[in-house]
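Numbering (the UniProt record's numbering), first residue to last: 1 to 205.
See structure below.
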Amino acid sequence: MKGYIELLIDCKSDLERERYIKIIESRIDSLQELVEQLFTYVKLQNKSYQLVFEECNINKILYDTIFSFYDDFKNRNIEPTISIPDECCTIWANEVGIRRILQNVIKNTLDHGREMVIIEMKNSEEKVEVTIKNKYNNIDNIDTEKIFDRFYKADASRAYQSTGLGLSIAYELIKCMNGTIMSLIEDDFFVITMEFNTGQKYFQN
């Protein structure tokens, strides 16, 4: 970033100056995101850190989160295939944490995926399963055993677009809620599946 600031100082063209300003702003945004992600990750590593649990309407949370990325999908010419039950599915979790998990997984899909995105939700008596799968750039480079490791990046050429912490934070958050998250490669799709507890035993009072 220092180099771009020096170029900006020496620049005599308004057009070039505007270009350098946009680059610097982008780098600042990336640094801010990295600091925020690091803070969240460190906080989750603290064994005394606890989430507050409540009844959460996972249908609504998932729809809201997908819609919040509407412009991002549109800009990439991606129309996600969405399959969510009409029946309200309630889980026992932390709503802010659930939103963060879904945001991080969808952002990862947008940063590294291409063409087709499929978002599905299935529910049973005790579990709700959310699956997000997509065609992935450089899919052969993905190590599904390391995908949730801190700072892991399958595509080094796009590293500037990612902190490498998003999926690690999703993993730690869902673990705090006694849920699971896993990844696999299936028919040229990169698949992330999340399972959340319905928590019916908490609701039977």
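Glycine included, every Cβ here is placed at the ideal spot set by N, Cα and C.
Could you give the distance in angstroms between the alpha-carbon of W92 and the alpha-carbon of D187?
-> Residue numbering aside, residue 92 sits at position 92 when the sequence shown is read from its first letter. Residue numbering aside, residue 187 sits at position 187 when the sequence shown is read from its first letter. Those two C-alpha atoms are separated by around 33 Å.
Going by Cα to Cα distance, which pick from H112, V128, L62 and E125 is closest to F190?
-> Counting from 1 along the sequence shown, the entry for residue 190 is found at position 190. Of H112, V128, L62 and E125, the smallest CA-CA separation from F190 is found for H112.
Assign N108 to one of two classes, buried (16 or more other C-beta atoms within 10 Å of its C-beta) or exposed (fewer than that).
-> The count along the sequence shown starts at 1 and reaches residue 108 at position 108. The residue in question, N108, is buried, as its Cβ has 16 or more Cβ neighbours within 10 Å.
Within this structure, are the beta carbons of T198 and E126 separated by less than 7 Å?
-> Position 198 of the sequence shown, counted from the start, is the residue given in the question as residue 198. Position 126 of the sequence shown, counted from the start, is the residue given in the question as residue 126. In this structure, E126 lies closer than 7 Å to T198 by Cβ.
Alpha carbon to alpha carbon, how far is F196 from I78?
-> As a position in the sequence shown, residue 196 is number 196, starting the count at 1. As a position in the sequence shown, residue 78 is number 78, starting the count at 1. C-alpha separation (whole angstroms): 27 Å.
Buried versus exposed, by CB contacts within 10 Å (16 or more), S83 = The residue given as residue 83 occupies position 83 in the sequence shown. Counting Cβ neighbours within 10 Å, S83 comes out exposed, since fewer than 16 surround it.
Residue burial classification, E172 (beta-carbon count within 10 angstroms, cutoff 16) = As a working mapping, residue 172 is identified with position 172 in the sequence shown. Sixteen is the threshold: when 16 or more other Cβ atoms of the shown chains lie within 10 Å of the Cβ of E172, as they do, the residue is buried.
Could you tell me the distance, in whole angstroms, from the CA atom of A170 to the CA atom of K122?
-> By 1-based counting over the sequence shown, the position of residue 170 is 170. By 1-based counting over the sequence shown, the position of residue 122 is 122. In a straight line, the C-alpha of A170 is about 19 Å away from that of K122.
Excluding the 5 residues preceding and the 5 following L62 in the sequence, name in chain order all residues of the same chain whose CB lies nearer than 8 Å to its CB.
-> One-based indexing of the sequence shown puts residue 62 at position 62. Only I84, L102, I119, M121 and V130 meet the Cβ criterion.
Would you mind reading off the limits of the alpha helix (DSSP H) that contains N108?
-> Here residue 108 refers to the residue found at position 108 when the sequence shown is read from its first residue. From DSSP, the alpha helix (DSSP H) with N108 extends over E95 to H112.
Would you kindly work out how many angstroms separate the C-alpha atoms of residue 213 and K135, rounded to a whole number?
-> Summary: the structure shown does not reach residue 213, with the chain confined to residues 1 through 205, and so no result is reported for it.
Note down the Cα distance separating residue 213 from V105, rounded to an integer number of angstroms.
-> No answer is possible for residue 213: the residues shown for the chain start at 1 and end at 205.
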